[in-house]
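Participant: What follows is a single structure, and I will ask about it in a moment.
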Ligand SMILES: [Zn+2]
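Residue numbers (the working numbering): 115 to 559.
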């Protein structure tokens, strides 16, 4: 059943020798050099330069934000998150980095940083924070990873292409089946595909830096303890919602105890600093009104991961009843329908998703597949084109544009797309298919 989900041809007649010319791409070299670590001041072997960190961030972070259903559309809240982050990042060891902060629409609990300083927190975690000091702790920890250059140690320039063509294990924990299967079949990114996975030492250092930075910015350090405590208790009562966060930022009781102890010793004289509880509550009124819907989405995603699609549908229905125009809810429901091959239902949800958040790319990707499966190749082609305008650089989109054009008998345009695809991707079924077509059509001898 799953093999028929989308148009990915698997049979091909290409010999190994014929295929050699596209595989002669040299391995990307790393720039090696020593530089002073911004936090410790010690000389350290750096795999990437600062310019490269910024470039890696620029290429990859937009894809992760789109996978997480885009920035939340509540500008007041987003500006507030950004300003809170910038107040802290200005006081760090690397104040000159191009930091930016946003909430993203994903329902699971997570926060993450890219090496240039693009940082995000999901609705799933924002809705559980109780004051601005906890937000400062969360952002401070991520800023700590950027300052200690943990993030760039974890990412290479080819991360995006590798993740998109399935060259690396794309899915963590609960995402390994269900949604993950759908995503991998469609050539989409899995939830954690681009996220850095930190070591426990990285976590200790980011916690220490996060605490230092938030106190410098004038926040009560007990906000850090509060955050750790909240994450600990979430891991007990809703483990699947927090799985990805814990797989990327290893959590432990030790982190909670260390934070508590540090606050009571090193920071004992700063314990009268404010939490800014009201300010956080004021800015999250709309978000907190959606808590029920967000929890239903978390449960729906868990059901999807367990391949319990009826149950998932019920949860997504519940979420959409509370929040009918919720982009993430609409896209998740469309995925649920796609997995069950109900393309006209999927089409209704995905078209609505496009309307409620036309600036966000993911819905166009799914709309392209829904339209291809309904043999509406011209619409599919337009969807893929729109996706590419919003989020350029995804080789899979080039391939699917080629396939849509082929199905419309626009051979020379199709050949152009296939050619461009195999210039970027030189292995896998799609590359073989594209190459085979080019041979068949006489573009390659
Ligand atoms: Zn971390």
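A virtual CB, placed ideally from N, CA and C, is assigned to each residue, including glycine. What you are looking at is a predicted structure, and each value in this text was computed from that prediction instead of being measured.
Taking DSSP as the reference, what is the three-state secondary structure of residue 236?
Facilitator: strand
Participant: Using a Cβ-based criterion (distance less than 8 Å to any ligand heavy atom), does residue 502 qualify as near ligand 1?
Facilitator: no
Participant: May I ask whether a heavy atom of ligand 1 can be found less than 8 Å away from the beta carbon of residue 317?
Facilitator: yes
Participant: What first and last residue would you give for the beta strand (DSSP E) that runs through residue 312?
Facilitator: Unbroken run through residue 312: none, as it is neither H nor E.
Participant: Mind checking residue 435: buried by the 16 CB within 10 Å criterion, or exposed?
Facilitator: exposed
Participant: Checking 9 Å against the spacing of the C-beta atoms, do residue 265 and residue 167 come in under that value?
Facilitator: yes
Participant: Could you check if residue 310 is buried or exposed, using at least 16 other CB atoms within 10 Å of its CB as the buried criterion?
Facilitator: Buried: at least 16 other Cβ atoms inside 10 Å.
Participant: Exposed or buried, residue 397, counting other C-beta atoms within 10 Å across all chains shown (16 or more means buried)?
Facilitator: buried
Participant: Evaluate residue 288 with the Cβ neighbour count: other Cβ atoms within 10 Å of its Cβ, from every protein chain shown; 16 or more gives buried, anything less gives exposed.
Facilitator: Reliability fails at residue 288, whose pLDDT of 36 lies under 50, so the model's placement of it is uncertain and the value that follows must be treated cautiously. With 16 or more other Cβ atoms within 10 Å, it is buried.
Participant: Name the DSSP beta bridge partners of residue 216, please?
Facilitator: 234
Participant: Taking Cβ positions, are residue 223 and residue 352 nearer each other than 9 Å?
Facilitator: yes
Participant: Compute the distance between the beta-carbons of residue 365 and residue 244, then report whether it is under 9 Å.
Facilitator: no
Participant: Determine whether the beta carbon atoms of residue 467 and residue 513 lie at a separation below 9 Å.
Facilitator: no
Participant: Look at residue 410 and residue 430 and say whether their C-beta atoms are less than 9 Å apart.
Facilitator: yes
Participant: Opposite residue 225 in the DSSP bridges: which residues?
Facilitator: 235
Participant: Roughly how many whole angstroms lie between the Cα atoms of residue 182 and residue 225?
Facilitator: 11 Å
Participant: Quick one: what's residue 185 bridged to in DSSP?
Facilitator: 218
Participant: So residue 518 and residue 545 are supposed to be a Cβ contact under 8 Å. How far apart are they, rounded?
Facilitator: With 8 Å as the limit, residue 518 and residue 545 do not qualify as a contact, their Cβ atoms being about 18 Å apart.
Participant: According to DSSP, is residue 141 helix, strand or coil?
Facilitator: For residue 141, the predicted structure reports a pLDDT of 30, less than 50, and the residue's modelled location is therefore unreliable. The matter cannot be settled from this model.
Participant: Could you check whether the Cβ of residue 312 sits closer than 8 Å to any heavy atom belonging to ligand 1?
Facilitator: yes
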